[in-house]
Every structure is written in structure tokens, then in C-alpha cells.
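Before any comments, here is the structure.
Protein chains in written order, with the working numbering: chain A, 534 to 645; chain B, 26 to 119.
So, in C-alpha cells, the structure goes:
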């Protein structure tokens with residue numbers, strides 16, 4: 534998807550653009566980031582082979598901006614994996630939504 | 026498959042902005058560089074990105090560009106270079 538400033542340039546293709554200052558502090562991976570990475574390793578080319586890295590890169594370029602620029606690295610990775618797996622028919626977005634609600638409720642119960 | 030270009034050959038990156046998953050960064054399109062090495066043939070990521078097998082494989086090159094020729098306002102030394110891995114279908118003889 535082209536940007537207004539430069540119609541030929543994809544929003545992800547930012548080499549040479551001013552990206553501002555770089556935050557230098559390091560942060561640990563959050564548990565969900567580790568889990569998402571583990572799932573992607575298990576389902577991707579090195580695991581079950583449901584998809585290859587190039588497909589999830591393409592999905593990042595296809596999700597639009599927003600949300601692309603608003604998402605962090607692991608959020609992009611997770612969202613793009615979701616897009617590709619839905620595309621492949623492993624599950625539907627409705628199934629995913631209802632499963633997420635189910636888990637949300639279960640966790641709310643557990644917190645009581 | 027044989028490589029169309031060899032180390033030392035001058036090549037121009039085609040200046041095109043097609044839709045789809047493209048593996049040549051925007052900033053290097055249209056620039057002229059020199060083949061640093063032939064990286065061998067690899068399944069085409071521009072096809073793999075859509076679930077195809079990426080075959081026939083495409084020849085990949087490491088191309089070296091002078092920073093001063095890549096960036097209009099580059100203020101570093103004349104000798105500074107940037108290496109970019111580029112597939113053969115993005116290159117023309119220069």
C-alpha cells in the first residue's frame with residue numbers, strides 16, 4: 534500500500550527515511566511474545582510447514598497502515614501469522630474470536 | 026542454472042514499483058552498482074510469499090553501491106559502500 538508522500542513506496546519499506554531516535558533500553562520478551570514465537574516456529578517452515586516466512590512478510594505488507602505502524606514487532610508477527618493461517622483455512626476468524634472470548638472468560642473466572 | 030552476471034559487472038537496478046511482495050528495497054531501485062559476488066540460485070521469495078513453490082529458482086547477487094550515489098545528502102567518505110542482495114530479475118547490465 535503506497536504512502537501519500539511517495540505512491541511507489543510500501544509503508545513497510547522505510548529504508549533511508551527518518552525514523553527518529555532509537556530507544557536504547559532493552560526489555561525482556563513478554564510471556565505472550567514467547568508463546569507466539571513458539572507457535573509460529575511450530576507451524577512454520579521449520580515445523581509443520583503450514584506456511585513460510587515470505588508469506589507472513591507479505592501479510593505484514595497487506596494488513597494496511599494503520600494498523601502496521603501502530604503495532605510492535607511481536608504484534609505484527611502474531612497478526613500476520615493469524616492472517617496467513619486464516620487464509621490457509623486452519624481456522625476461521627469467527628472460530629478465533631469465540632475461542633478468545635472463551636479463554637478471556639475462563640481467566641476472569643480464575644481471577645475471582 | 027547459470028548466472029547472467031559475474032563479480033565485477035556493473036548493473037543497474039530496474040526502477041519500478043510493482044504491487045505485491047517485492048524484495049528489492051525502494052531506496053536502491055534505479056541505482057547502479059557492482060556485483061560483489063554471486064550468491065547462488067534460491068526459490069523466488071516474491072512467489073513464495075503467495076504460497077507458490079518459488080520455482081524456477083532465481084539467481085541472487087550481492088551488489089555493492091557507493092553510498093554517495095545512493096543518498097543525495099550523504100556526507101560520509103567517498104569510499105563508503107552498501108551491499109544489497111538483489112535477485113537477477115531486478116537487474117540490467119549498466
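Glycine included, C-beta positions come from ideal geometry on N, C-alpha and C.
*Through-space distance from residue 74 of chain B to residue 591 of chain A, alpha-carbon basis*: The residue labelled residue 591 of chain A in the question sits at position 58 within the first chain. The residue labelled residue 74 of chain B in the question sits at position 49 within the second chain. Cα to Cα, the separation comes out at about 6 angstroms.
**Request:** Locate the beta strand (DSSP E) running through residue 26 of chain B, then write down its first and last residues.
**Result:** Within the second chain, numbered from 1, the residue matching residue 26 of chain B stands at position 1. Under the DSSP assignment, residue 26 of chain B falls outside any beta strand (DSSP E); it carries neither an H nor an E label.
- Looking at residue 57 of chain B and residue 87 of chain B, is the spacing between their C-beta atoms short of 9 angstroms? Position 62 of the second chain, counted from the start, is the residue given in the question as residue 87 of chain B. Position 32 of the second chain, counted from the start, is the residue given in the question as residue 57 of chain B. Cβ atoms of residue 87 of chain B and residue 57 of chain B: not closer than 9 angstroms.
Could you tell me whether the Cβ of residue 115 of chain B comes closer than 9 angstroms to any Cβ of chain A? Along the second chain, one-based indexing puts residue 115 of chain B at 90. Not closer than 9 angstroms to any Cβ of chain A, the Cβ of residue 115 of chain B fails to qualify, so no.
How about residue 596 of chain A: is its C-beta nearer than 9 angstroms to some C-beta of chain B?
-> One-based indexing of the first chain puts residue 596 of chain A at position 63. Not an interface residue.
- For residue 111 of chain B, which residues does DSSP report across the bridge? Within the second chain, residue 111 of chain B is the residue found at index 86, counting from 1. Assignment of beta-bridge partners to residue 111 of chain B by DSSP yields B:86.
Worksheet item: First and last residue of the beta strand (DSSP E) that includes residue 643 of chain A?
Response: By one-based count along the first chain, residue 643 of chain A stands at place 110. If you look at residue 643 of chain A, you'll find it isn't in any beta strand (DSSP E); it sits in the alpha helix (DSSP H) that goes 626–644.
Practice task
Tell me, please, whether the CB atom of residue 53 of chain B is closer than 9 angstroms to any CB atom in chain A?
Solution key: Against the second chain, residue 53 of chain B aligns to sequence position 28. Answer yes: the Cβ-Cβ gap between residue 53 of chain B and chain A drops below 9 angstroms somewhere.
**N- and C-terminal bounds of the alpha helix (DSSP H) containing residue 590 of chain A** = As a working mapping, residue 590 of chain A is identified with position 57 in the first chain. For residue 590 of chain A, the uninterrupted alpha helix (DSSP H) run begins and ends at 586–595, by DSSP.
Per DSSP, what kind of secondary structure is residue 98 of chain B in: helix, strand or coil? Along the second chain, read from residue 1 onward, the residue named residue 98 of chain B stands at position 73. Residue 98 of chain B: coil per DSSP, three-state reduction.
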